[in-house]
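Engineer:
Residue numbers (our numbering): -3 to 111.
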């Protein structure tokens, strides 16, 4: 091991990480553990590959990379959940509400720690 090996990048700059089997496994397990799950496909950007956001009935959500919109549709079909294009329908309000509730709870917890 060379002196600067630990600082070397595993990927070249500008190279995007693609989806892995760990990503797919996480999405499958997450869906199985929740009810009312819907998938929202986010398009590829210059920073990230295509991603899918799964949103449960209560607004809880998770995001993972996926190998393109077709792979997201196949996953949705396999899991028996609807798949939407976030560019067309946007994110569901329950997702924003869930995030706001989590932030408020975290602020309350931080406030308790300082007292």
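Using N, Cα and C, we set each Cβ at its ideal position, and we do this for glycine too. All values reported here derive from a predicted model rather than from experimental measurement.
Where does the unbroken alpha helix (DSSP H) through residue 66 begin, and where does it stop?
Structural biologist: For the purposes of this step, residue 66 is taken as the residue at position 70 of the chain shown. Element bounds for residue 66: 65 to 75.
Engineer: How many angstroms separate the CA atom of residue 39 from the CA atom of residue 100?
Structural biologist: Locating residue 39 in the chain shown gives position 43, counting from the first residue. Locating residue 100 in the chain shown gives position 104, counting from the first residue. About 30 Å.
Engineer: Sorted by chain position, which residues of the same chain lie with C-beta nearer than 6 Å to residue 63's C-beta, five sequence neighbours on each side aside?
Structural biologist: The residue given as residue 63 occupies position 67 in the chain shown. Counting only Cβ-Cβ distances below 6 Å, and skipping sequence neighbours, we find 15.
Engineer: Cutting at 8 Å between CB atoms, please list the residues of its own chain near residue 78, excluding the five before and the five after it.
Structural biologist: Here residue 78 is taken as the residue at index 82 of the chain shown, counted from 1. For residue 78, where only same-chain residues beyond five positions count, the Cβ hits under 8 Å are 34, 35, 72.
Engineer: For residue 87 and residue 56, which I take to be in contact (beta-carbon distance under 8 Å), what is that distance rounded to the nearest angstrom?
Structural biologist: As a first step, residue 87 is located in the chain shown; it is residue number 91 there, counting from the start. As a first step, residue 56 is located in the chain shown; it is residue number 60 there, counting from the start. Cβ-Cβ separation between residue 87 and residue 56: approximately 13 Å, too far for a contact (criterion under 8 Å).
Engineer: Flag this pair as yes or no: are the beta carbons of residue 65 and residue 85 separated by less than 8 Å?
Structural biologist: For the purposes of this step, residue 65 is taken as the residue at position 69 of the chain shown. For the purposes of this step, residue 85 is taken as the residue at position 89 of the chain shown. Taking 8 Å as the Cβ cut-off, residue 65 and residue 85 do not qualify as a contacting pair.
Engineer: Just reading off the alpha helix (DSSP H) that residue 19 is part of, what are its end residues?
Structural biologist: Numbered from its first residue, the chain shown carries residue 19 at position 23. Per DSSP, residue 19 belongs to the alpha helix (DSSP H) from 17 to 28.
Engineer: Taking 8 Å as the limit between beta carbons, can you name the residues of its chain near residue 91, skipping five residues before and five after?
Structural biologist: Position 95 of the chain shown holds residue 91. A distance below 8 Å between beta-carbons, with the five flanking residues on each side excluded, links residue 91 to the following residues of its chain, in chain order: 49, 51, 55, 57.
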